[in-house]
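First up is the structure itself, then whatever we jot down about it.
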DNA sequence: ATTAACGGCGCG
DNA sequence: AAAGCGCGCCGTTAAT
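Residue numbers (my numbering): 1 to 551.
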């Protein structure tokens, strides 16, 4: 059962449809209050709510204490269907751009939103007509089950993203401040250098004989290092570490601490942590590969240094789970490479590869695998790639084939049907200009480099994108299982964080063991949804802890 | 004075 | 340690 929800002048217009999007009754206009009661009605269990944008429509329901099981996010699903090679013949793929294309309107603080705040211009969209276009596109696809699963998983992800923002990541400002005081010194006003940084700056200046040096300026630092007789091309820490000079130690120390101050210092704490919660916007489908993006506070780049500030409430626990070697396992399954899948059976996939005799040690296995997925040509990864290709021709053949497609300017497609898009006009123009008889060597070299770059992108896209699909299925399955757990004193476990192949659940302590079980079961279910009976394992590392730093 | 690009670094 | 992919955000610097 589908219920299509659309904003109207007086409230909300709801229309029941069958699974093909055919209306079963006339639309009904409800006031905001009637709508809330309608959605919350237990009789609606199992309904899939169809709306333009989960990020707009769901938060008001959450604030009213209402959760929904399933939805169909028209904006996210259109983006997938428009680009997918599996639905390229559909009417939807050819439809003109409108208000439903592009990013969701950015949402500000929760309090700034009214109950049925709808994006300007988005009201021009007829959601029922759009739903039918989308369902037609799915029905016309080869193996429609795959893309249907992708749309369901993407939409479930949108629900989870809104719920995560609503719950917030439990954050101890006290612990964070203690860490800052320890590493930087007492708090200082914005724009000033804390004591520890000031001391290090003095050391650097004196070691380089540059009394006015601003250590935050790469330009000035580079100049001062060169003036001191060092041969350097950048001020990247990795390059500085190879140098021998009294200024290098304090400079590296300064950069590390300055980074903490700039990215996650007192200003960050003041801006992003409110009432013991860090709330960011998570954007499902924010990356072309289907990975999530995030806005606000660098939510997907929380430094490990700071994770001990993520603390469960009293009487609660954090269940932290991450999928081990997700991308290589996904590649094995995607390619139907039973040998590689078998290498991951016993546990650590890289050790399993060593056991086949293909490479000498775990590090070699790891870097060769990552090299295959990223397209390394040099370094350890590049050197060992041929041995990996001999041992696992199907897996390596799949990424090589994706790279060749990308180099020809074609789109590549993930397991469930997300596509990378064909090359743009300027890329094509550069390629064809370079193949002209009178092309300059420079043009040819540049075009070849661009083609290889596109090859690496495409090679990575199929693996990263399929891994993102596995993670979405995992998240969706976990969300369902968490809802099914019996609450403790009316409180339920909450998904509070998701990081590509890792989830955090904040749970009443008595449910922690059940949550850990649910996380593992969800991983197994995700593997079966994505790859059917193909014998590939997706083992997790799961920890039940009081703070994220303990995981 | 404001905006855009760059260098750098955090995460997977 | 970096290499090869994907991101967001900071302070500085160049451009407008």
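Just so you know, even glycine gets a beta-carbon here, dropped at the ideal spot from N, CA and C.
Whole-Å CB distance - residue i paired with residue j, under 8 Å assumed
i: residue 459; j: residue 402; result: 5 Å
i: residue 261; j: residue 243; result: Residue 261 to residue 243, Cβ: 24 Å. No contact.
i: residue 418; j: residue 160; result: Contact doesn't hold; Cβ gap of about 18 Å is too wide.
i: residue 506; j: residue 318; result: 6 Å
i: residue 163; j: residue 495; result: 6 Å
i: residue 292; j: residue 306; result: Their Cβ separation, rounded to whole angstroms, is 20 Å, which puts residue 292 and residue 306 out of contact at 8 Å.
i: residue 128; j: residue 23; result: 7 Å
i: residue 168; j: residue 277; result: 3 Å
i: residue 395; j: residue 332; result: 6 Å
i: residue 86; j: residue 141; result: 4 Å
i: residue 250; j: residue 181; result: Incorrect: roughly 20 Å between the Cβ atoms, too far for contact.
i: residue 285; j: residue 76; result: 5 Å
Residue burial classification, residue i (beta-carbon count within 10 angstroms, cutoff 16)
i: residue 237; result: exposed
i: residue 304; result: exposed
i: residue 178; result: exposed
i: residue 257; result: buried
i: residue 73; result: buried
i: residue 152; result: buried
i: residue 267; result: exposed
i: residue 377; result: exposed
i: residue 532; result: exposed
i: residue 134; result: buried
i: residue 189; result: exposed
i: residue 104; result: buried
i: residue 10; result: exposed
i: residue 466; result: buried
Spatial neighbours of residue i in its chain, beta-carbon cut-off 7 Å, leaving aside the 5 residues before and after
i: residue 525; result: 477
i: residue 428; result: 409
i: residue 281; result: 107, 165, 294, 295 and 296
i: residue 205; result: 211 and 213
i: residue 171; result: 273, 276, 277, 278, 309 and 310
i: residue 112; result: Confidence at residue 112 is low in this model, with a pLDDT of 35, below 50, so the placement of that residue is unreliable and no value is reported for it.
Reduced DSSP secondary structure (H/G/I, E/B, other) of residue i
i: residue 127; result: helix
i: residue 118; result: With a pLDDT of only 42 at residue 118, under 50, the local geometry of the prediction cannot be trusted, and the value read off the model is given with reservation. Residue 118 falls in the coil class under three-state DSSP.
i: residue 538; result: coil
i: residue 506; result: strand
i: residue 136; result: helix
i: residue 10; result: coil
i: residue 107; result: Note on residue 107: pLDDT 42, under 50, position unreliable in the model; the coordinate value appears next. The answer is coil: DSSP assigns residue 107 none of H, G, I, E or B.
i: residue 545; result: strand
i: residue 271; result: helix
i: residue 15; result: strand
i: residue 217; result: coil
i: residue 399; result: helix
Residues near residue i in its chain [Cβ-Cβ closer than 8 Å; skip 5 each side]
i: residue 186; result: 194 and 195
i: residue 345; result: 352, 535 and 537
i: residue 461; result: 288, 289, 402, 406, 412, 414 and 420
i: residue 540; result: 321, 322, 323, 324, 519, 520 and 523
Beta strand (DSSP E) segment containing residue i, residue limits
i: residue 72; result: 70-73
i: residue 293; result: 293-295
i: residue 48; result: 48-51
i: residue 30; result: 28-30
i: residue 282; result: 281-283
Start-to-end residues for the alpha helix (DSSP H) that takes in residue i
i: residue 366; result: 362-374
i: residue 252; result: 248-264
i: residue 154; result: 144-167
i: residue 427; result: 425-434
Sequence-distant residues of its chain with Cβ nearer than 6 Å to residue i (five each side left out)
i: residue 51; result: 5 and 57
i: residue 371; result: 381, 382 and 385
i: residue 434; result: 443, 444 and 447
i: residue 375; result: 456 and 459
i: residue 1; result: 47
i: residue 486; result: none
i: residue 546; result: 312
i: residue 340; result: 332, 392 and 395
i: residue 624; result: Past the edges of the chain, shown from 1 to 551, lies residue 624, and the structure says nothing about it.
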